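Under the working numbering, the residue at position 319 of the sequence shown is numbered 1225, and the numbers go up by one with no gaps.
Think of the CB as a built atom: it goes at the ideal place given N, C-alpha and C, for glycine as much as any other residue.
Since the structure is predicted, the reported quantities are computational estimates derived from the model, not experimental observations.
Since the structure comes first, as structure tokens, the remarks are kept for the end.
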Amino acid sequence: MVISYLKISTKLYVSFMITTFILLLNGFINYSNIKTLTHKTEDILQTAPLIDAAMEMKLSVATDMQLVMELLASETPTEFDDDWLEHQSMVTRFDLFSDAILNGATSDEGIVFATKDAMLRKVVSQADSFHNNEFQPAIQSVYDESKSIFQLKSKRHQSMRAMEAAFDSIISQAEGLEAAIKIRIAKRISNGASAKSIIYKESTWADISMEIKTTIALTRIVIEEYAQDAEATNRAELVASYSTFISDFDHWIEALLNGAQTTEGKIAKITDEHLQQLVKQIDQSHDKSFQVAVDKFMDSHDALTLAISKRSVADHSADEIGTKMKTILGEIEDRAKEDMAVAGKDSVDAAASTIMTTIICIVLGGGIAIFLAIVIPPSITRPLGCEPKEMQEIAEKIARGDLTSNFDDINTGNARGVYAAMIEMNSKLQYLVGELVKSSGILASTATETATISEQTNVAIQEQAQQTELVATAVEQMSATINEVSKILHLQQNK
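Written out as structure tokens, the structure is:
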């Protein structure tokens, strides 16, 4: 097997590298999945405010549509102005959240992140354009017409009050005329005037003064009916009746001032200057005050009716545009919810992927770890033959010179690798030490014999030394004798 030929360091290095690779791979994949999950979670957190913003836009439009009805129902300028200010705040709120979706912003609802969805941006831009170019102008039109209606109502009310004042003045003047005529009749009677002359003269004046009051009263009734005819269904007929009553009134005045044949009979001309002055005052009040006020009232009422009609059209248009606006805003809300659903699904998928990857890495890493645990230790211990601890103890004993280690027969028979070599080394060392012991014994015996021989040799040497000394002494003596002989010979020669 290839593994058995590898170095222990290589085996350990490879096993550690494989384990490290699995850990790093698992960490990298989990990091990638967690990062994806984080991004998707951020997408969800950023999409949720978009839904709220879309709902706020929708709410502002719904409130605006409600304000249109309140504008229509406003009874006072204060209520009207308050409703319009609230409308403007709704426009500002709509713009705030539409801009927030497109560009991001901080509102009272929190932080709104700019959407990255191109389709959502397109829909919001369309909604903003529709709101600015269609919805707001429609409400502005309702506002303008309503404001005009308030002004026209004020003018109509003023003209109505002027007409009523003129009416009351004419009635009062007509009653004054009646009272003056009665005074004249009383004077004529007291002056002895005949009843016939009074009947054909003063009585006709009194009758016409009554007709004047009746005509002006009928005229007022027509005007009131005219004011109540908001849809102008009987407008022409009422105008015709009004014109008739005006003509009748002028006819009565003309009859009093100039005399005339009327439906009430022949009317004598008023010859009394005071009475003539009273009639002229009535005529002037009628022409300069009453008819002018009525004309203004009818004009303002006609304009009011037209403005109400225009406002009704504008209101209907605003309702239709508001409905379209709601539909567009519904698309914004739906798109934002769809983005959030997609982000949620991606987040769930990323979480599931993380879990699956973790399980795979655990199983794979565990399997490889078990494989390495089964393969690597035997591949390390097999060349050693036993546990490193046991080998260390044997080596320490041998290092101390203790060769008495006992190896079981089974272990000895199954020993292999370094362990077998240690057993063989121990055995060889035991044999070598034994041989050394034997050789030491032999050497000790030889050394003893050598010592004995050396001692005997020493004795012989000492004896030889003594003999040598004796020889030396003899040689010295002989030398001395020779020297003496030499001297004697020398002396003899000299003689």
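Item to check | Per-residue burial, D987 [other beta carbons within 10 Å of its own, 16 or more giving buried] | outcome: Answer is exposed; the Cβ neighbour count stays below 16.
Item to check | Neighbour-count burial assignment, Y919, 16 or more Cβ in a 10 Å radius | outcome: Here Y919 is exposed. Its C-beta has fewer than 16 other C-beta atoms within 10 Å.
Item to check | Enclosing alpha helix (DSSP H) for G1171 [first to last residue] | outcome: It is not in any alpha helix (DSSP H) - G1171 instead sits in the beta strand (DSSP E) that spans G1171 to I1173.
Checklist entry - When you compare only the Cα positions, how much space is there between N1389 and Q1372? => result Looking at the two C-alpha atoms, the distance is approximately 25 Å.
Checklist entry - Are at least three pairs of beta-carbons, each pair with one atom in the segment 1211-1218 and one in the segment 1073-1089, less than 8 Å apart? => result With a cut-off of 8 Å, the segment 1073-1089 and the segment 1211-1218 do not count as touching, because too few Cβ pairs lie within range.
Item to check | Within 8 Å, strictly: CB atoms of L1144 and Y1132 | outcome: For L1144 and Y1132, yes; Cβs fall inside 8 Å.
Next on the checklist: Please classify F1404 as buried or exposed, where buried requires at least 16 neighbouring CB atoms within 10 angstroms.
Outcome noted: One cannot answer for residue 1404 here, as it falls past the ends of the chain, which runs 907 to 1401.
Checklist entry - Looking at the structure shown, is G1307 part of a helix, part of a strand, or coil, going by DSSP? => result Collapsing the DSSP output to three states places G1307 in coil.
Checklist entry - Any idea which residues DSSP pairs S1013 with across the strands? => result Assignment of beta-bridge partners to S1013 by DSSP yields G1016.
Next on the checklist: For a test of the three-state rule: what should DSSP assign to T1168, helix, strand or coil?
Outcome noted: Correct three-state label for T1168: strand.
Checklist entry - Would DSSP call G1098 helix, strand or coil? => result In the structure shown, G1098 sits in coil (DSSP, three-state: anything other than H, G, I, E or B).
Checklist entry - Is the beta carbon of M1409 less than 8 Å from the beta carbon of G1228? => result Here the chain comprises residues numbered 907 to 1401, so residue 1409 is not present and cannot be evaluated.
Checklist entry - Can we say the segment 954-970 touches the segment 1000-1018, given the rule of at least three CB pairs closer than 8 Å? => result With a cut-off of 8 Å, the segment 1000-1018 and the segment 954-970 count as touching, because enough Cβ pairs lie within range.
Next on the checklist: According to DSSP, is T982 part of a helix, a strand, or is it coil?
Outcome noted: Collapsing the DSSP output to three states places T982 in coil.
Item to check | Contact set for Q1064: own chain, Cβ-Cβ below 6 Å, skip 5 residues either direction | outcome: Its chain contains no residue whose beta carbon lies nearer than 6 Å to that of Q1064 once the 5 sequence neighbours on both sides are disregarded.
Next on the checklist: Let me check understanding here. Comparing Cα to Cα, which of L977, E1302, V1339 and A1257 lies closest to I944?
Outcome noted: Note on identity: in this sequence residue 944 is Thr, with Ile being the wrong assignment. Comparing alpha-carbon positions, the option among L977, E1302, V1339 and A1257 lying closest to T944 turns out to be A1257.
Checklist entry - Are the Cβ atoms of N936 and T1263 separated by less than 8 Å? => result Yes.
Checklist entry - Since S1191 contacts I1076 with CB under 8 Å, what's their CB separation in whole angstroms? => result Yes, they are in contact, since the Cβ atoms of S1191 and I1076 sit about 5 Å apart, within 8 Å.
Checklist entry - Got a sec, what are the start and stop residues for the alpha helix (DSSP H) S1195 sits in? => result Run containing S1195: none; DSSP gives neither H nor E here.
Checklist entry - Where does I1176 sit, in a helix, a strand or coil, going by DSSP? => result In the structure shown, I1176 sits in coil (DSSP, three-state: anything other than H, G, I, E or B).
Item to check | Every unbroken alpha helix (DSSP H) within the segment 1068-1113, with a cutoff of 4 residues, ordered by chain | outcome: Counting whole runs of 4 or more residues, the segment 1068-1113 contains the alpha helix (DSSP H) stretches 1101-1106.
Checklist entry - Any idea what DSSP makes of N1389, helix, strand or coil? => result Reduced to three states, the DSSP call for N1389 is helix.
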